[in-house]
Amino acid sequence: MSKELELYQAFIDGLVERKDSMTALWVKGDGFPKTEDNKAKNELLATLTPEQKGVLADMLQDEHIAGIHDTLAYINEMMDLDGLELRQDGESIPNDYFESLHYDFISRCDGDEWPE
Numbered sequence: 501m502s503k504e505l506e507l508y509q510a511f512i513d514g515l516v517e518r519k520d521s522m523t524a525l526w527v528k529g530d531g532f533p534k535t536e537d538n539k540a541k542n543e544l545l546a547t548l549t550p551e552q553k554g555v556l557a558d559m560l561q562d563e564h565i566a567g568i569h570d571t572l573a574y575i576n577e578m579m580d581l582d583g584l585e586l587r588q589d590g591e592s593i594p595n596d597y598f599e600s601l602h603y604d605f606i607s608r609c610d611g612d613e614w615p616e
């Protein structure tokens with residue numbers, strides 16, 4: 501495996517490892533950290549049923565992943581059109597080793613294996 505491919509896969513997989521939304525976990529769990537700034541949020545959560553909390557957490561999780569996707573799509577566009585370059589260990593990381601940064605991220609989130 502080339503160093504370039506190894507870096508590309510590690511970059512995408514690193515984002516996949518960070519795909520879980522802390523906010524969604526707080527909603528499904530015991531709420532936000534108990535601070536004055538979070539008081540209204542926790543009061544709202546206290547009025548929701550577990551099912552409603554689950555729906556809200558799913559919506560927040562979807563938006564978290566969408567934010568990563570949209571950021572990768574923008575990076576991809578900047579790399580294609582404006583000369584943006586991702587570099588690590590002196591190597592340039594391509595934006596389309598397989599499909600695109602954002603497509604490969606979503607594919608890996610969905611459990612797809614890396615293509616051969």
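Numbering of the sequence shown is given in my numbering, commencing with residue 501 and proceeding in unit increments.
Here a beta-carbon is modelled for each residue, glycine too, at the ideal position from N, C-alpha and C.
Owing to the predicted nature of the structure, the values given are computational and were not obtained by experimental measurement.
Only buried fits Leu515, as 16 or more other CB atoms lie within 10 angstroms of its CB. With a cutoff of 7 Å on beta-carbon distance, Leu507 and Ile593 are scored as near each other.
Under the DSSP definition of a beta bridge, Leu545 lacks any partner.
Judged by their CB atoms, Leu548 and Leu572 are not nearer to each other than the 7 Å cut-off.
Sixteen is the threshold: when 16 or more other Cβ atoms of the shown chains lie within 10 Å of the Cβ of Leu545, as they do, the residue is buried.
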